[in-house]
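Enquirer:
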Amino acid sequence: MRLRTFAAAAVCALAATTVMADKRAADTSPAEDLKTYRDYFQKRFPGVPLNEFGNGVYAIDNVSRDSWNAVEEFPPYEPMIEAGQAIWDARFANGKRLGSCFGGDPAQRGNFPYWDAKRKMVVTLPLAINECLESNGEPPLPYRKGRIADLLAFMSYRSRGQKINVEIPDDPDAIAAYNAGKSFYFARRGQLNFSCAHCHFESAGMNVRTDVLSPALGHTSGWPVYRSKWGELGTLHRRFAGCNRRVRAKPFAAQGTEYRNLEYFLSHVSNGIEYNGPSARK
Amino acid sequence: MAKKSIKIRAKLKGDTTQVKTLMTHPMETGLRKDKKTGKLIPAHFINEVTAESGGKTVMTAYWSGGISKNPYLSFSFDGASAGDEVTISWKDNQGGSDSASAKIK
Amino acid sequence: MTTNIKRRVFLKGSVAAGTVGIAVGAGLLAPQAVLAAWPKAAFEAKSIDDALKNAMGDASSSASDAIKIKAPDIAENGAVVPVSVSASLDGAESIALLAEGNAQPLVATFAMGAGALADVSTRIKMGKTSDVIAIVKAGGKLHSARKSVKVTIGGCGG
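Residue numbers (the numbering used here), protein chains in the order written: chain A, 1 to 282; chain B, 1001 to 1105; chain C, 2001 to 2158.
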């Protein structure tokens, strides 16, 4: 699947052929986007079943898949699932537990992100967790790693098999949030002037140096992720920030409006793929 | 040391028990610099792992910091039965240690 | 002869290690005593020969098809390279695992005890593209195998 080396020249050539990026985000509906995404990636990587895209680059790169399989043999995130369960089970000072905000069921992954019409905002699972903590008089958890990642590992583990199913309601504010996420995805940024889409839509399967670029389809399925590079678990928004930094752009705040909208868009176009977090990546 | 730094899976297949174990440890080589301070991070790694079953030492491993963070080790041995215990113990270069047991399934 | 003496030292080291382990667990020994059994000179050696002399008692080995190394052709991340070594040699006593390109090549030694098969897997760090070398001691002799692993610099750091 090593198609080409990702060189500066290639980037310029690709930019000229961009289809979606040239359109305004509002020109296509969420349903059309979902179809465009699926069709594009399934045509680009024929024979890769839809659900397999939940495994990121390992869906399309057999060399790294071997190493990944060996790591998943006894995945480094296993102890964190237990640590997360301890947080889930722990009582707040007021005697309640986290479960009191989630109907007692940790398998919540498939219920997020969703559009909160009252507050006019996208609510993600980590945001809901911290809102639960704060409403019970507990301090919120930092969003990028550590205890929240452990907790998400436990909740995601219990949610495995649920499918991404983010429907955008017919509400102008919800569609505006979705479109803001889409615009973010296709907007050039940073000193390198790359958009998310340059690498993970148009150039998926190509190399940046020796890394194979993962397809955008399914990008939100496997979180939290134990990255070998981090040597620990991290959240989706931590990764967003890392990607932004790599193109030498200033990252946005984890769980701020920008990344929540981005997660909303990315989740919707990955609808139908199973949540399979926590997972291991290079 | 943090509790439960060792996870063990031991499975009997025919006469052979395959043991897979994952340890939580930073495995610092002592050659890496702290990105913020520029100072060397002191060596801190598991340097010895022993496995025992039925009162006998099955495996003794000596390691350097060249083993990856949160180390994985798998090995196989004959002579145990389902229900027997396998005990894994580690020691590190800073005097830390831990030990855990699991039943062979 | 030299080999045999060294081998005995190596084995004795393993036994002593068990005892020390218990003592440390009970809080009886100071940390520096822990290193007694760990072959420091072998792990700190910069060359393969020095490492092997100190770890296995000998530096000369013969290539053997009976040793299988499983490792990726291209390491996904040099910090975590899955490696498996198995040997179908009679009387295999110990395995040394080395990453030729590392500043300190010796990564691990495994001494097989009661009933243990010459079959281990772990994950190692590799600083650059080089061979992974497995040395298996069987019948007092050293047998070796190697497998090249490419270690590359990624682009998606993040």
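C-beta: ideal position from N, C-alpha, C; glycine also.
If you draw a straight line from the C-alpha of Pro215(A) to the C-alpha of Phe1077(B), how long is it?
Expert: 42 Å
Enquirer: With 8 Å set as the bound, which would you pick, yes or no: does the beta-carbon of Thr1024(B) sit closer than that to a beta-carbon of chain A?
Expert: yes
Enquirer: Any idea what DSSP makes of Val122(A), helix, strand or coil?
Expert: DSSP places Val122(A) in strand when its eight states are reduced to three.
Enquirer: Between Pro224(A) and chain B, is the shortest Cβ-Cβ distance under 8 Å, so that the two count as touching?
Expert: no
Enquirer: Relative to the C-alpha of Gly106(A), which residue among Asp116(A), Trp88(A) and Lys118(A) is closest?
Expert: Per the sequence shown, residue 106(A) should be read as Pro rather than Gly. Checked all of Asp116(A), Trp88(A) and Lys118(A); the closest Cα to Pro106(A) is Trp88(A).
Enquirer: At a cut-off of 7 Å, is Thr1024(B) close to the ligand GTP when judged by its beta-carbon and the heavy atoms of the ligand?
Expert: This structure lacks the ligand GTP; in fact it carries no ligand of any kind.
Enquirer: For Gly2057(C), which of Leu2089(C), Pro2039(C) and Val2083(C) has the nearest alpha-carbon?
Expert: Pro2039(C)
Enquirer: Measuring only the C-alpha atoms, how far is Val2149(C) from Asn2054(C)?
Expert: 25 Å
Enquirer: Starting from Met206(A), follow its DSSP beta bridges and name the residues at the other end.
Expert: None; Met206(A) has no bridge partner.
Enquirer: Determine the contact status of Val1058(B) and Gly2113(C), defining contact as a CB-CB distance below 8 Å.
Expert: yes
Enquirer: Taking the alpha helix (DSSP H) that Phe184(A) falls in, what are its first and last residues?
Expert: Counting along the chain, the unbroken alpha helix (DSSP H) around Phe184(A) starts and ends at Pro172 to Phe186.
Enquirer: What would DSSP say about Asn69(A), mapped onto helix, strand or coil?
Expert: In this structure, Asn69(A) counts as helix in the three-state DSSP scheme.
Enquirer: Taking the C-alpha atoms as reference points, what is the distance between Gln85(A) and Thr220(A)?
Expert: 22 Å
Enquirer: Starting from Tyr226(A), trace the beta strand (DSSP E) in both directions and tell me its first and last residue.
Expert: Unbroken beta strand (DSSP E) run through Tyr226(A): Val225 to Arg227.
Enquirer: Where does Tyr264(A) sit, in a helix, a strand or coil, going by DSSP?
Expert: In the structure shown, Tyr264(A) falls within a helical segment according to DSSP collapsed to helix, strand and coil.
Enquirer: Any residues in the segment 2094-2106 of chain C with a beta carbon nearer than 8 Å to a beta carbon of chain B? Which ones, in chain order?
Expert: Ala2099, Asn2102, Ala2103, Gln2104 and Leu2106
Enquirer: What does the alpha-carbon distance come out to for the pair Gly146(A) and Ile129(A)?
Expert: When rounded, the distance between both Cα atoms is 14 Å.
Enquirer: Please report how far the alpha carbon of Phe1045(B) lies from the alpha carbon of Asn271(A), in whole angstroms.
Expert: Roughly 43 Å between the two C-alpha positions.
Enquirer: How big is the Cα-Cα spacing for Gly137(A) and Gly95(A)?
Expert: 11 Å
Enquirer: Mapping DSSP to helix, strand and coil, what is Gly234(A)?
Expert: strand
Enquirer: Report the rounded CA-to-CA distance for Ser1089(B) versus Thr1021(B), giving the unit in angstroms.
Expert: 11 Å
Enquirer: Give the residues from the segment 2116-2127 of chain C that approach chain B closer than 7 Å (Cβ to any Cβ), ordered along the chain.
Expert: Of all residues in the segment 2116-2127 of chain C, the ones placed with a Cβ closer than 7 Å to any Cβ belonging to chain B are Ala2116, Leu2117, Asp2119, Val2120, Ser2121, Thr2122, Arg2123, Ile2124 and Lys2125, in chain order.
Enquirer: Cβ closer than 8 Å: which chain B residues qualify as neighbours of Ala2079(C)?
Expert: Ser1068 and Lys1069
Enquirer: Under 8 Å between C-beta atoms, does Lys1007(B) make it to chain A?
Expert: So yes, Lys1007(B) belongs to the interface.
Enquirer: Tell me, which residues are paired with Ala2138(C) by DSSP?
Expert: Partner(s): Ala2092(C) and Lys2141(C).
Enquirer: Can you confirm whether the segment 141-157 of chain A touches the segment 77-84 of chain A when touching is taken to mean that 3 or more C-beta pairs between the two stretches lie within less than 8 Å?
Expert: yes
Enquirer: Name, please, each residue of chain B whose Cβ falls closer than 9 Å to the Cβ of Phe240(A).
Expert: Near Phe240(A) there are no residues of chain B at all, since even the closest Cβ is about 21 Å away, more than 9 Å.
Enquirer: Leaving out five residues before and five after Lys163(A) in sequence, what residues of the same chain have Cβ atoms less than 8 Å from its Cβ?
Expert: Gly110, Asn271, Gly272, Ile273, Glu274 and Tyr275
Enquirer: Taking the alpha-carbon positions, what's the Ile1104(B) to Ser2047(C) distance?
Expert: Between the C-alpha atoms of Ile1104(B) and Ser2047(C) there is a straight-line separation of about 40 Å.
Enquirer: Less than 8 Å separating the beta-carbons of Arg209(A) and Thr2129(C)?
Expert: Their beta carbons are not under 8 Å apart, which means Arg209(A) does not touch Thr2129(C) by this criterion.
Enquirer: When burial is assigned at 16 or more other CB atoms within 10 Å of the CB, is Leu125(A) buried or exposed?
Expert: buried
Enquirer: Using beta carbons (cut-off 8 Å, strictly below), is Leu970(B) in contact with chain C?
Expert: Nothing can be reported for residue 970(B): it is not among the residues displayed for chain B, which extend from 1001 to 1105.
Enquirer: Relative to the alpha-carbon of Leu152(A), which residue among Pro76(A), Ser100(A) and Leu236(A) has its alpha-carbon at the smallest distance?
Expert: Leu236(A)
Enquirer: Using 8 Å as the limit for Cβ to Cβ distance, is Met1001(B) near chain C?
Expert: Residue placement at Met1001(B) is flagged as unreliable, the pLDDT there being 41, under the threshold of 50; a coordinate-derived value is accordingly withheld.
Enquirer: Checking contacts by CB at 8 Å: is Ala70(A) closer than that to chain C?
Expert: Yes, its Cβ sits closer than 8 Å to a Cβ of chain C.
Enquirer: Classify Gly1030(B): buried if its beta carbon has 16 or more other beta carbons within 10 angstroms, exposed otherwise.
Expert: With a threshold of 16 other beta carbon atoms within 10 Å, Gly1030(B) falls short and is exposed.
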